[in-house]
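Student: Numbering (UniProt numbering), first residue to last: 1 to 180.
Cβ coordinates follow ideal geometry from the N, Cα and C atoms, glycine included.
This is the structure I have questions about; it appears just below.
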């Protein structure tokens with residue numbers, strides 16, 4: 001059975017994208033990360049928010065642009081959106097509600113991970129009771145503004161249990177399990 005994992009690189013001050021969704025800040029921190037390299041083959045499907053799907057790319061201007069994990073992963077993608085495009089895109093399923101998105105992506109992933117990309121989509125997964133784990137790779141930079149890891153004003157605390165901590169020259173990785 002698939003697990004739903006929100007994996008993301010975050011600045012030390014809690015931002016996953018800069019102002020306006022700018023991802024160029026991430027480019028210097030895309031170096032080797034053994035934990036991420038081991039995770040990628042364990043991903044069976046992606047569940048992506050529409051802003052993330054159509055947004056900025058840290059690989060902009062390279063042959064890896066537009067490819068999940070810079071071309072290191074391929075497989076079924078599910079994009080959560082209120083406005084699916086009129087023209088289908090190969091390998092991409094557009095879904096309009098979080099319940100369907102979770103069910104379809106989990107079915108496609110089989111016994112692997114569904115990797116969630118996008119802060120709002122991760123928040124919706126959490127609210128729906130579908131988020132199982134969170135992997136945060138903390139980059140040694142302070143962005144000062146942008147898109148937060150989780151933005152839940154007035155939300156209640158969500159207890160997490162640490163699974164592991166590891167370090168690379170470019171990030172500190174902290175993997176958590178959502179406690180239910």
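By the DSSP assignment, the alpha helix (DSSP H) with residue 50 in it spans what residues?
Tutor: It spans 50-53 - the alpha helix (DSSP H) in which residue 50 sits, taken as one unbroken run.
Student: For residue 86, which three-state DSSP category applies?
Tutor: The answer is coil: DSSP assigns residue 86 none of H, G, I, E or B.
Student: To the nearest angstrom, how far is it from the Cα of residue 107 to the Cα of residue 174?
Tutor: Answer to the nearest angstrom: the Cα atoms are 27 Å apart.
Student: Around the Cβ of residue 171, are there at least 16 other Cβ atoms within 10 angstroms (buried) or fewer (exposed)?
Tutor: Its Cβ being crowded by 16 or more others within 10 Å, residue 171 is buried.
Student: With a CB to CB cut of under 7 Å and the five nearest residues on each side skipped, what residues in its chain are close to residue 88?
Tutor: So the list is empty, once near-sequence residues are dropped.
Student: How do the region 145-160 and the region 9-16 stand: do at least 3 beta-carbon pairs fall below 8 Å, yes or no?
Tutor: Taking 8 Å as the limit for Cβ pairs, the verdict is that the region 9-16 does touch the region 145-160.
Student: May I have the straight-line CA-CA distance separating residue 124 from residue 98, to the nearest angstrom?
Tutor: Distance between the alpha carbons of residue 124 and residue 98: 7 Å.
Student: Alpha carbons only, please: which of 51, 71, 61, 21 is nearest the one belonging to residue 82?
Tutor: Minimum Cα distance to residue 82 is reached at 51.
Student: From residue 58 to residue 145, what does the alpha carbon distance come to, in whole angstroms?
Tutor: In a straight line, the C-alpha of residue 58 is about 17 Å away from that of residue 145.
Student: Using a 10 Å radius around the Cβ and a threshold of 16 neighbouring Cβ atoms, would you call residue 163 buried or exposed?
Tutor: When all chains shown are included, residue 163 counts as exposed.
Student: If you check the beta carbons only, do residue 104 and residue 96 fall under 8 Å apart?
Tutor: Taking 8 Å as the Cβ cut-off, residue 104 and residue 96 do not qualify as a contacting pair.
Student: Label residue 42 either buried or exposed according to how many other C-beta atoms from any shown protein chain fall within 10 Å of its C-beta, with 16 as the threshold for buried.
Tutor: That one is exposed.
Student: Let me confirm a value: residue 210 is counted as buried when at least 16 other C-beta atoms fall within 10 Å, else exposed. Which label applies?
Tutor: Residue coverage of the chain in this structure runs from 1 to 180, which leaves residue 210 outside it and unanswerable.
Student: Here's the rule I'm using: 16 or more other beta-carbon atoms within 10 Å means buried, otherwise exposed. How should residue 111 be labelled?
Tutor: Exposed, because fewer than 16 other Cβ atoms sit within 10 Å of the Cβ of residue 111.
Student: Assign residue 118 to buried or exposed, taking buried as 16 or more other Cβ atoms, counted over all protein chains shown, within 10 Å of its Cβ.
Tutor: That one is buried.
Student: Just the C-alpha distance for residue 80 and residue 165, rounded to the nearest angstrom, thanks.
Tutor: The straight-line gap from Cα to Cα measures roughly 30 Å.
Student: Any idea what DSSP makes of residue 18, helix, strand or coil?
Tutor: DSSP places residue 18 in coil when its eight states are reduced to three.
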